[in-house]
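Per full-length UniProt numbering, residue 1 is the first one in the sequence shown, and the count goes up by one each step. Idealized CB from N, CA, C, for every residue including glycine.
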Amino acid sequence: MMKQVIFLGIVLSMFVGCTKYNQIDTGICKAEFPGNMYEYFQSDSYNWDSLLVMIDYTGLEKYFTGEEPGYEEITFFGPTNHSIRRWLYSLRTNMNDMGLPDSTKVKIMLQDKETCRDLILSHIIKGKRLAADFKEGTANDETSGEMVTGANGKQFRVFAFRETFQNVPGAGALVLYAIGHNQWGTTQYVLPIASSDIQPTNGVVHSMAYSFTLGELK
Numbered sequence: 001m002m003k004q005v006i007f008l009g010i011v012l013s014m015f016v017g018c019t020k021y022n023q024i025d026t027g028i029c030k031a032e033f034p035g036n037m038y039e040y041f042q043s044d045s046y047n048w049d050s051l052l053v054m055i056d057y058t059g060l061e062k063y064f065t066g067e068e069p070g071y072e073e074i075t076f077f078g079p080t081n082h083s084i085r086r087w088l089y090s091l092r093t094n095m096n097d098m099g100l101p102d103s104t105k106v107k108i109m110l111q112d113k114e115t116c117r118d119l120i121l122s123h124i125i126k127g128k129r130l131a132a133d134f135k136e137g138t139a140n141d142e143t144s145g146e147m148v149t150g151a152n153g154k155q156f157r158v159f160a161f162r163e164t165f166q167n168v169p170g171a172g173a174l175v176l177y178a179i180g181h182n183q184w185g186t187t188q189y190v191l192p193i194a195s196s197d198i199q200p201t202n203g204v205v206h207s208m209a210y211s212f213t214l215g216e217l218k
């Protein structure tokens, strides 16, 4: 009898477990969240606490609570803590020379506020767009996918792509990608979305991969 119970538990866990197919290097699960986007970020400090510092620092809370006029629902290509720390590291802010504690929060608040604001706004687009709502395409075909406009007025290209499954092209999961560039605009990057379709009450979050560096989405 005990063996049957254990077997049943294993089978059930296979059906109710977190979907893994669209996760590249994060532990973020596709799910609906019973709160707004700002509250969702507060619920997962491991991935989003640096983002919350930037949101508070730049006064952009209303974009994430659904209170910003015209942005009651948004799609956010979310940079995780890893992406923000990578960006800060690239700036080489030396806390020791300033006699300040070497913390991510302090480093963020030493940056130009308008620069931080522009970076966050560049990841926001109006309306709720799930992965299946984006046009399919490839990295090499610049006419494929679609151009979207961030809340800062700048555009970037997003495309959905059907992965290979059991050696059959196009039979696998639908995965999102964005196209980014380095700070000089000379090198193009394909930016994978690690976890898509995370749904708070006021929109959807597509989490950027941990390998993404804040500032590349442009």
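Stretch pair the segment 127-140 + the segment 46-64: three plus CB contacts closer than 8 Å = no
request  = Output the distance between the C-alpha atoms of Ser211 and Glu68, rounded to the nearest integer angstrom.
outcome  = Residue mapping note: residue 211 aligns to position 211 of the sequence shown, counting from 1. Residue mapping note: residue 68 aligns to position 68 of the sequence shown, counting from 1. Those two C-alpha atoms are separated by around 30 Å.
request  = Under 6 Å Cβ to Cβ from Thr193, same chain only, skipping five residues before and after it: list those, please.
outcome  = Sequence index remark: in the sequence shown, residue 193 carries index 193 (1-based). In the sequence as displayed, the identity of residue 193 is Ile instead of Thr. Excluding residues within five positions, the ones whose Cβ falls inside 6 Å are Leu176 and His206.
ask   = Can you give the Cα-Cα distance for Pro200 and Asp141, rounded to whole angstroms?
value = Here residue 200 refers to the residue found at position 200 when the sequence shown is read from its first residue. Here residue 141 refers to the residue found at position 141 when the sequence shown is read from its first residue. Between Pro200 and Asp141, the C-alpha separation is close to 32 Å.
request  = State buried or exposed for Phe165, treating a residue as buried only when at least 16 other CB atoms are found within 10 Å of its CB.
outcome  = Within the sequence shown, residue 165 is the residue found at index 165, counting from 1. So Phe165 ends up on the exposed side.
ask   = How about Ile179 and Arg157: are their beta carbons less than 7 Å apart?
value = Taking the sequence shown and counting its residues from 1, the one referred to as residue 179 is at position 179. Taking the sequence shown and counting its residues from 1, the one referred to as residue 157 is at position 157. Yes, the pair counts as a contact, with Cβ atoms nearer than the cut-off.
ask   = What does DSSP give as the partner residues of Arg145 in its beta bridges?
value = The residue you call residue 145 lines up with position 145 of the sequence shown. The amino acid occupying residue 145 in the given sequence is Gly; Arg does not appear at that position. In DSSP, Gly145 forms no bridge with anything.
key: Residue environment, Val190, which counts as buried when at least 16 other CB atoms sit within 10 Å   = Residue 190 sits at position 190 when you count from the first residue of the sequence shown. So Val190 ends up on the exposed side.
query = Which of the three DSSP states, helix, strand or coil, is assigned to Thr187?
reply = The residue you call residue 187 lines up with position 187 of the sequence shown. If DSSP states are grouped into helix, strand and coil, Thr187 belongs with coil.
task = Could you check the C-alpha separation between Lys154 and His181 for me, to the nearest Å?
result = Numbered from 1 along the sequence shown, position 154 holds the residue referred to as residue 154. Numbered from 1 along the sequence shown, position 181 holds the residue referred to as residue 181. Answer to the nearest angstrom: the Cα atoms are 13 Å apart.
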